[in-house]
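The block underneath contains the structure these notes are about, expressed in structure tokens.
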Amino acid sequence: MSDNLRGAILMTLAMAGFALEDMFIKLLAGTIPIGQILVMLGAGGAVVFAALAKRKGQALFSADMASRAMIIRNIGEVVGTVGFVLGFVLASLSTASAILQATPLIVTLGAALFLGAQVGWRRWSAILAGLFGVLLIVRPGMTGFEPASLWAVIGVLGLATRDLATRAAPARISGFQMSAWAFGLMAPTGALMMWVMGSTLVTPDTAQWGLLLCTLVIGVAAYYTVVAAMRVGEIAVVTPFRYTRMVFALIVALSVFGERPDGLTYLGAAIIVAAGLFTLWRETRRPSLARVGQV
Numbered sequence: 001m002s003d004n005l006r007g008a009i010l011m012t013l014a015m016a017g018f019a020l021e022d023m024f025i026k027l028l029a030g031t032i033p034i035g036q037i038l039v040m041l042g043a044g045g046a047v048v049f050a051a052l053a054k055r056k057g058q059a060l061f062s063a064d065m066a067s068r069a070m071i072i073r074n075i076g077e078v079v080g081t082v083g084f085v086l087g088f089v090l091a092s093l094s095t096a097s098a099i100l101q102a103t104p105l106i107v108t109l110g111a112a113l114f115l116g117a118q119v120g121w122r123r124w125s126a127i128l129a130g131l132f133g134v135l136l137i138v139r140p141g142m143t144g145f146e147p148a149s150l151w152a153v154i155g156v157l158g159l160a161t162r163d164l165a166t167r168a169a170p171a172r173i174s175g176f177q178m179s180a181w182a183f184g185l186m187a188p189t190g191a192l193m194m195w196v197m198g199s200t201l202v203t204p205d206t207a208q209w210g211l212l213l214c215t216l217v218i219g220v221a222a223y224y225t226v227v228a229a230m231r232v233g234e235i236a237v238v239t240p241f242r243y244t245r246m247v248f249a250l251i252v253a254l255s256v257f258g259e260r261p262d263g264l265t266y267l268g269a270a271i272i273v274a275a276g277l278f279t280l281w282r283e284t285r286r287p288s289l290a291r292v293g294q295v
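Residue numbers (the numbering used here): 1 to 295.
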């Protein structure tokens with residue numbers, strides 16, 4: 001098996017894992033407050049990644065962690081996670097997942113606006129097409145508009161901010177250190193959400209503890225698998241398989257939650273994915289982001 005094929009398989013498995021993680025969170029949100037779920041998953045994930053960082057001899061507290069890039073990254077991580085989770089819990093999983101696919105396009109847009117990356121008219125056209133696809137899914141002011149889907153849009157902006165800040169973060173900071181902080185910050189964020197929403201703490205039963213454990217294990221494993229995939233295969237070959245998350249999300253949405261996306265949602269998702277793949281293809285032919293040290 002070639003490295004690229006191994007990387008593609010690992011990336012596909014990771015995307016399936018993230019879709020399952022989303023499914024478990026949405027199931028849990030029916031009986032446990034969203035803020036409490038974030039507290040428990042954030043604390044659990046922080047412990048896991050902190051242990052992995054310690055095993056590698058990596059400190060969690062250093063001057064690098066207080067750098068401007070890391071502060072922006074952590075804020076983006078919190079906004080992105082909260083926005084996306086609220087998006088697929090309060091709205092439909094298929095809608096939120098389709099909107100999420102626009103994140104790479106927003107990263108390219110942000111790199112052009114804030115990092116000095118040179119983006120030609122073809123990629124600008126792809127970005128505009130992708131944003132049009134998002135509008136087809138959200139449909140503000142039209143029949144079928146779900147106001148809660150705007151949380152997913154906020155999530156995309158947050159995740160794109162995180163990705164851009166990650167590229168500017170000190171190279172000495174490892175993925176384990178970043179993840180420990182990202183998960184750790186979710187715990188106080190979830191607690192703040194509970195206070196703002198007036199949520200009451202719920203004691204999980206045996207089944208709910210099982211779902212929480214599955215969510216944590218699958219989420220951590222999926223993240224670890226993404227890292228492995230990017231290290232094994234070439235970025236240009238492996239990255240497109242991130243879009244398989246949309247396929248897995250649709251399978252879960254249709255089979256578990258009985259969602260029935262309409263034609264405009266499918267069309268919008270197809271436009272977003274096509275625009276993202278085209279942008280990636282153009283970047284491999286003319287790697288402008290690499291020239292400014294941002295890839």
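Positions of the beta carbon are idealized from the N, C-alpha and C atoms, including for glycine.
If you're wondering where the values come from, they're calculated on a predicted model, not measured in any experiment.
For T239, which residues in the same chain have their Cβ closer than 7 Å to its Cβ, ignoring the five residues on either side in sequence? Beyond the five residues adjoining it in sequence on each side, T239 comes within less than 7 Å, by CB distance, of L280 in the same chain, given in chain order.
As a quick exercise: from V47, W124, T103, G57, pick the residue whose alpha carbon is nearest that of E77. Checking every option, the nearest Cα to that of E77 belongs to T103.
Look at L10 and V247 and say whether their C-beta atoms are less than 8 Å apart. V247 is positioned such that its CB atom lies no closer than 8 Å to that of L10.
What are the boundary residues of the alpha helix (DSSP H) that Q36 is part of? Going by DSSP, Q36 is part of the alpha helix (DSSP H) stretching over 34-55.
Checking 8 Å against the spacing of the C-beta atoms, do T244 and S94 come in under that value? T244 places its beta carbon 8 Å or farther from that of S94.
Taking 8 Å as the cut-off, decide whether the C-beta atoms of W195 and G83 are in contact. Note that the C-beta distance between W195 and G83 is not below 8 Å.
Taking 8 Å as the cut-off, does the stretch 45-58 touch the stretch 133-150 (at least 3 CB pairs, one atom from each stretch)? By the criterion of at least three beta-carbon pairs nearer than 8 Å, the stretch 133-150 is not in contact with the stretch 45-58.
Range covered by the alpha helix (DSSP H) that runs through F176: First-last of the alpha helix (DSSP H) with F176: 175-197.
Would you tell me roughly how many angstroms separate the C-alpha atoms of I218 and I99, rounded to the nearest one? Each residue's alpha carbon lies about 22 Å from the other.
Collapsed DSSP secondary structure at R242 in the structure displayed: In the structure shown, R242 sits in a helix (DSSP, three-state: H, G or I).
In angstroms with no decimal places, state the Cα-to-Cα distance between A126 and A96. Going by the C-alpha atoms only, they are around 20 Å apart.
If you check the beta carbons only, do Q101 and I272 fall under 8 Å apart? Taking 8 Å as the Cβ cut-off, Q101 and I272 qualify as a contacting pair.
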